[in-house]
Every structure is written in C-alpha cells, then in structure tokens.
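Engineer:
Residue numbers (full-length UniProt numbering): 1 to 402.
1. Cβ of residue 45 within 7 angstroms of Cβ of residue 32?
2. Under the rule that 16 or more other beta-carbon atoms within 10 Å means buried, what is residue 65, buried or exposed?
3. Taking only runs that begin and end inside the stretch 146 to 203, name each unbroken beta strand (DSSP E) of 3 or more residues, in chain order.
4. Measuring only the C-alpha atoms, how far is residue 333 from residue 320?
5. What's the gap between the Cα of residue 273 and the Cα of residue 249?
6. Smallest Cα separation from residue 357: which of 349, 342 and 163?
7. Going by C-alpha distance, which of 130, 115, 137 and 297 is nearest residue 403?
8. Less than 6 angstroms between C-beta atoms, sequence neighbours within five positions excluded: which residues of the same chain meet that for residue 344?
9. Cα separation between residue 1 and residue 311?
10. Enumerated in chain order, which unbroken segments of the alpha helix (DSSP H) with a length of 4 residues or greater are wholly contained in the stretch 339 to 385?
11. Mapping DSSP to helix, strand and coil, what is residue 25?
12. Following the continuous beta strand (DSSP E) through residue 234, name the residue where it begins and the one where it ends.
13. Which runs of the alpha helix (DSSP H) at least 4 residues long sit entirely within the stretch 7 to 95? Give them in chain order.
14. At a cut of 8 angstroms, does the stretch 131 to 147 reach the stretch 178 to 189 through at least three beta carbon pairs?
15. Mapping the DSSP letters down to three states, classify residue 285 as helix, strand or coil.
16. Going by the DSSP bridge assignment, what does residue 139 pair with across the sheet?
17. Would you kindly check if the distance between the Cβ of residue 271 and the Cβ of residue 77 is under 7 angstroms?
18. For residue 210 and residue 217, I'd like the C-alpha separation in whole angstroms.
19. At the level of alpha carbons, what is the spacing between residue 5 and residue 304?
20. Leaving out the 5 sequence neighbours to the left and right, which residues in its chain are closer than 6 angstroms to residue 144 when beta-carbon positions are compared?
21. Can you confirm whether the stretch 274 to 290 touches the stretch 223 to 235 when touching is taken to mean that 3 or more C-beta pairs between the two stretches lie within less than 8 angstroms?
22. Can you tell me whether DSSP reads residue 255 as helix, strand or coil?
23. Distance, Cα to Cα, residue 390 vs residue 48?
24. Skipping 5 residues on each side, what residues in its chain have a beta carbon closer than 8 angstroms to that of residue 40?
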C-alpha cells in the first residue's frame, strides 16, 4: 500500500461518522467531525465548562483564556489579528452583521453593490434587505462559459458608484475558484470595499488576509470539520473599529445607564450575550487538526477526487456536468430524465449521500437552465471507494428509469 493511500485510510478512521461503509459526499453542506474535535468539544462542555468573561473563579478564568486562545488560533489560521476576529453563528450571520452595520452606515440611494450569478442565497438576500432599507442598487456579474465569475465583465461593470463587491471565494455549486487578489485590485481601484464568502475555501485553501487584500472575509466552522453554531467574520481593524453594534445585550457594552450606553471595543462590541464557548474551542481544535493533515494535502486530495469523478461522468452521454474542469472538491451534474431528488433517494438506498436541489443558489439554477442539480462534494476523508459507490448507484438509477 502506498504511503498516500495509507494516510487517507488513517484519516478516514478518525471520523466516527464515516464508519460502517457509509459513502458521504455532502461535505460542501457540512463536514464530518474528526475524533479530535469531538473530544475537544466534549471536554469543553464537560470537565472544563464554565462561562467566560464574567467569573472571578478559576475555572471561568481558564475557560476565558481558552475562548480567547481560540480567537487567536483563528487569526493565525487566516493571517489576521485577533482584534479583527468576530465570532458569530456562521457565515450567514457574518454577512448580515456587515449589511446591518457597515452597510446601513455607508450604503444608500445612488450607491451600488456588485454580486455574481453564482452566489449563495446568504450573499444575496441580506443585500436585498439592505436595498429595501436604504435604496442601494445591486448589479450582478455574469459567469464565463465554464462557470467562473467573469472578472473581465466585472472590470467593465465597476464604477465609482460601487461601494461594495461581495463574491464567493469558491462556488458551493460549481467548485470554481475566484482570483480574489485580482478582484480586490479591480474593486479598490474604484473605491469599493470587498467582502468574500470563504465557506468553501477555508477548509481547503491556505488563507492570508494581507495577501488577499479584501476588507471582509467570512466562513463557518461546520464546513471546516468543526462544530455547528459558530463562524467567523474577519474585517480590517480600521473598518471594524468604526462599525456600530448590531445586537445589544451583555458583554458588548462598556457602561450602561438608562440615559446612555457606551460600547466595548471591537470585536467584543459585536458579540452580545454569552458566546458559543464550546463551539469556538471546537473550531480551534478543527484548525489544529486540519493543519496537522495539511491544507495543501486536503486541497490536492479533494481536487484529485473531483477530477476523477468528472472524468468518469464525462464518459457518459446521459450526464451533463456543470462548472470548470478544475473545480475544487465539488462536482455538480444532472442525469438525463432523472430529477436530482430521485437520484439522491436511490443513492441513499446504496449508502451514498449526495446533495440534490438548488443548493441555496436559485439564481444560478436559473442561469444553468435547470431546477436543481445533483452535487457530490468531497472532504479529506473521502477516497475512490466513494466514487465507485456513486457510479454504481448512478447505474442502478439508470436501470430503474430506463
């Protein structure tokens, strides 16, 4: 057995959710959790548990140190500073936070936002809600023929009226990768800020906020082999410090009277109430685990599996593939004459889990001319046996539907 194959087996064995021969191909929706993350969250919920920032007793102080250490760990993971890291419930809340603070203060009638055709609903709906409140206009950047955000079109579309560009780093449907540095250069040239949805990028692409040059970056822990219920908003400190709070309550204040309340500095200003203590510690454990495996290893492995699956499906005359040939860990396709929901149901009977539907990207489905697609998405724990099981399930589906 090759060293690479042995490494993959040892990694797969660290995921209790992958036991029993289950072929899980829905990592783009949520990743399975390694035992190291499960152990870290169990310890934090059990023997180590206490609240943070408020207790004068030793365990509370220790938990506070662990919670803030998680913030520093996230900062080092993405090449930022700890005062630039806001813990939120997920990427969706992070985008809503930006829209309801920075967006409300800086965007209004006559201003424009640039999105793209492939965005997740979480990077569309908050801006539409902001449009209803402020009158800001939304433009949509088209895609290239192979499913990438068309940066040449973006350059033509951008004007000084554009105050924000908000795009996905990696498409959750097509797996196409955005050249963020180029996009940032184009946006900053006209004075626009840049928000990047990094949910699909963070688990597989080495991030460096200084190198990317964007102004906001968001991602969720549960797609990064960590717990649900926690995510990250990174924003440049100069921007974050001047953003007003969104939620009010405990922890985000400096001094409260009935006449006036003053706010804590960023990032605490944006973390009202008791935070996701256990989940944040679990996120730090997930980052530790993934960096031990190697982000470059994860990215290369998942890209290799996606390429293999695209090659196999490309040999069939009854399959339509979507997205570029170098998609990162995600393969969306349609089987002629079979609704993706039917395919997903039959595959489930074969022990294969895929995602079937519009993937919270209905404008993209309209662009592709389909109501839904089937999507296989890979994680570090997948191997060729998962592809073989998927192909076998597709053959069975074809026989059932004729």
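The beta carbon of each residue, even a glycine, is placed where N, CA and C say it ideally should be.
Structural biologist: From the atom records:
1. As a working mapping, residue 45 is identified with position 45 in the chain shown. As a working mapping, residue 32 is identified with position 32 in the chain shown. It is not a contact, given that the beta carbons lie outside the stated cut-off.
2. For the purposes of this step, residue 65 is identified with residue 65 of the chain shown, where counting begins at 1. Counting Cβ neighbours within 10 Å, residue 65 comes out exposed, since fewer than 16 surround it.
3. 162 to 168 and 193 to 197
4. Taking the first residue of the chain shown as position 1, residue 333 is located at position 333. Taking the first residue of the chain shown as position 1, residue 320 is located at position 320. Taking the CA atoms as reference points, residue 333 sits about 5 angstroms from residue 320.
5. Position 273 of the chain shown holds residue 273. Position 249 of the chain shown holds residue 249. Spanning the alpha carbons of residue 273 and residue 249 requires a straight line of approximately 6 angstroms.
6. Position 357 of the chain shown, counted from the start, is the residue given in the question as residue 357. Among 349, 342 and 163, the Cα nearest to that of residue 357 is on 342.
7. A question about residue 403 goes unanswered here, because the residues of the chain that appear run from 1 up to 402.
8. Position 344 of the chain shown, counted from the first residue, corresponds to residue 344. So the list reads 354 and 356, once near-sequence residues are dropped.
9. For the purposes of this step, residue 1 is identified with residue 1 of the chain shown, where counting begins at 1. For the purposes of this step, residue 311 is identified with residue 311 of the chain shown, where counting begins at 1. Below a pLDDT of 50, predicted positions are generally treated as unreliable, and residue 1, at 37, falls in that range; the measurement from the model is reported next regardless. The alpha-carbon atoms of residue 1 and residue 311 are separated by roughly 24 angstroms.
10. 340 to 349 and 362 to 368
11. On the chain shown, position 25 is the one that residue 25 refers to. Correct three-state label for residue 25: coil.
12. Locating residue 234 in the chain shown gives position 234, counting from the first residue. Counted as a single uninterrupted DSSP element, the beta strand (DSSP E) harbouring residue 234 occupies residues 231 to 235.
13. 35 to 45 and 58 to 78
14. no
15. Within the chain shown, numbered from 1, the residue matching residue 285 stands at position 285. Of the three classes helix, strand and coil, the one that applies to residue 285 here is helix, per DSSP.
16. Taking the first residue of the chain shown as position 1, residue 139 is located at position 139. Answer is 114, bridged to residue 139.
17. Sequence index remark: in the chain shown, residue 77 carries index 77 (1-based). Sequence index remark: in the chain shown, residue 271 carries index 271 (1-based). Between residue 77 and residue 271, the CB-CB gap reaches or exceeds 7 angstroms.
18. In the chain shown, counting from the first residue as 1, residue 210 sits at position 210. In the chain shown, counting from the first residue as 1, residue 217 sits at position 217. Distance between the alpha carbons of residue 210 and residue 217 is about 12 angstroms.
19. If you number the chain shown from 1, residue 5 lands on position 5. If you number the chain shown from 1, residue 304 lands on position 304. Only weak support exists for where residue 5 lies, its pLDDT of 45 falling under 50; the coordinates are left without a value.
20. In the chain shown, residue 144 corresponds to position 144, counting from 1. Taken in chain order, the residues that qualify are 150.
21. yes
22. The sequence position of residue 255 within the chain shown is 255, counting from 1. Strand at residue 255.
23. Here residue 390 refers to the residue found at position 390 of the chain shown. Here residue 48 refers to the residue found at position 48 of the chain shown. One C-alpha to the other measures close to 42 angstroms.
24. Locating residue 40 in the chain shown gives position 40, counting from the first residue. Closer than 8 angstroms at the Cβ level, and outside the excluded window around residue 40, lie 281, 282, 284 and 285.
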